[in-house]
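Mapping to full-length UniProt numbering: the sequence shown position 68 is 68, numbers consecutive.
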Amino acid sequence: MHVHDTTGKAKSDNGEARECETNLPNGIRLTATLFINMRSSPGIYALEEMVKKNSKAEWGNKIGYVVFPLKIALKDNPLDYLKDAKATMDRKKATVEAKFRLFMAMVFAKFYPTKLASFPLTTLWFSNVAGPQDQISISGNQVASIAPYVYGQPVALTIHINSYMKNITVVLSVDENIIPDPYELCDDIEEALKLIKITTIDVNCEGSDE
Numbered sequence: 001m002h003v004h005d006t007t008g009k010a011k012s013d014n015g016e017a018r019e020c021e022t023n024l025p026n027g028i029r030l031t032a033t034l035f036i037n038m039r040s041s042p043g044i045y046a047l048e049e050m051v052k053k054n055s056k057a058e059w060g061n062k063i064g065y066v067v068f069p070l071k072i073a074l075k076d077n078p079l080d081y082l083k084d085a086k087a088t089m090d091r092k093k094a095t096v097e098a099k100f101r102l103f104m105a106m107v108f109a110k111f112y113p114t115k116l117a118s119f120p121l122t123t124l125w126f127s128n129v130a131g132p133q134d135q136i137s138i139s140g141n142q143v144a145s146i147a148p149y150v151y152g153q154p155v156a157l158t159i160h161i162n163s164y165m166k167n168i169t170v171v172l173s174v175d176e177n178i179i180p181d182p183y184e185l186c187d188d189i190e191e192a193l194k195l196i197k198i199t200t201i202d203v204n205c206e207g208s209d210e
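Given below as structure tokens:
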């Protein structure tokens, strides 16, 4: 949606957004790297469970990734974005792409220079982490919010979306030479999430009325 915000929008007579052709350059390609938890037993375990002999709990990170092509379009129904993304991800998860890329990333990082082991053909990184549903504490201190981020990555944009209790936190890491106003982009993401939420509620209400 941010790409459309900077290149022009199309609206119907009632002021609502509708599908349209854009004035973006021909042949433009946006590709995201999506990280996937590769643990055989995902979840958070208590420390006493992790130190047990033959415990299923795994130490350290075990993260694979898939390359996700981003479609640029302005649709009438915001839920169509989710349907298209889910269909693509379901196809990705049915393959060994994440496992293969994890293996190749480990090989490149070990035997080749850092630049060759980076992600030269991706535009952005996207990390969607489902956090604890209940409040947690660290050393006796209750955690009010969680906002993870990374920096120094060789891409123009990294998006972290993390849930904690009933809240969602969106964190952006950007190259300001390419994205000069990350706050506007963050506002666009927030507005898009609100629009998807409102549309979902409306659809559920219409279904219950029937």
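Cβ atoms here follow ideal geometry from the backbone N, Cα and C, with glycine treated the same way.
Within 8 Å, strictly: CB atoms of residue i and residue j
i	j	result
tyrosine 65	threonine 33	yes
proline 180	asparagine 162	no
tryptophan 125	glutamine 142	no
isoleucine 196	proline 78	yes
Closest Cα partner of residue i within the set the options
i	options	result
alanine 192	Lys52, Lys75 and Phe68	Lys75
asparagine 128	Ser139, Thr158 and Cys205	Thr158
glycine 131	Leu82, His160, Tyr112 and Val51	His160
valine 203	Arg91, Lys71, Ser55 and Asp80	Asp80
alanine 85	Ala94, Lys71 and Thr95	Lys71
Residues near residue i by beta carbon distance below 6 Å, same chain, minus five either side
i	result
isoleucine 36	Gly64 and Ala98
Straight-line Cα distance separating residue j from residue i
i	j	result
alanine 109	leucine 102	11 Å
cysteine 186	leucine 172	7 Å
serine 137	valine 150	23 Å
glycine 27	proline 69	13 Å
valine 67	aspartate 90	13 Å
threonine 95	threonine 88	11 Å
isoleucine 178	phenylalanine 100	31 Å
serine 139	serine 55	24 Å
phenylalanine 111	lysine 92	27 Å
isoleucine 201	arginine 29	33 Å
lysine 194	leucine 82	13 Å
glutamate 176	cysteine 205	42 Å
glutamine 133	valine 51	24 Å
Assumed close pair residue i, residue j - CB separation to whole angstroms, cut-off 8 Å
i	j	result
glutamine 135	methionine 106	The pair is not a contact, with the Cβ atoms about 35 Å apart (cut-off 8 Å).
lysine 62	arginine 39	5 Å
alanine 73	threonine 123	The Cβ separation is near 16 Å, so there is no contact.
Beta-carbon contacts of residue i that lie in its chain and below 8 Å, excluding the five residues immediately before and after
i	result
serine 145	Tyr164, Asn167 and Thr169
valine 174	Ala156, Leu157, Thr158, Pro182 and Leu185
threonine 199	Asn77, Pro78 and Leu79
Sequence-distant residues of the same chain with beta carbon closer than 7 Å to residue i, five excluded per side
i	result
methionine 1	Note that methionine 1 scores a pLDDT of 42, beneath 50, so its modelled location is shaky and nothing firm can be said.
asparagine 14	Its pLDDT being 47, under 50, asparagine 14 is placed unreliably by the model, and nothing is read from it.
methionine 104	none
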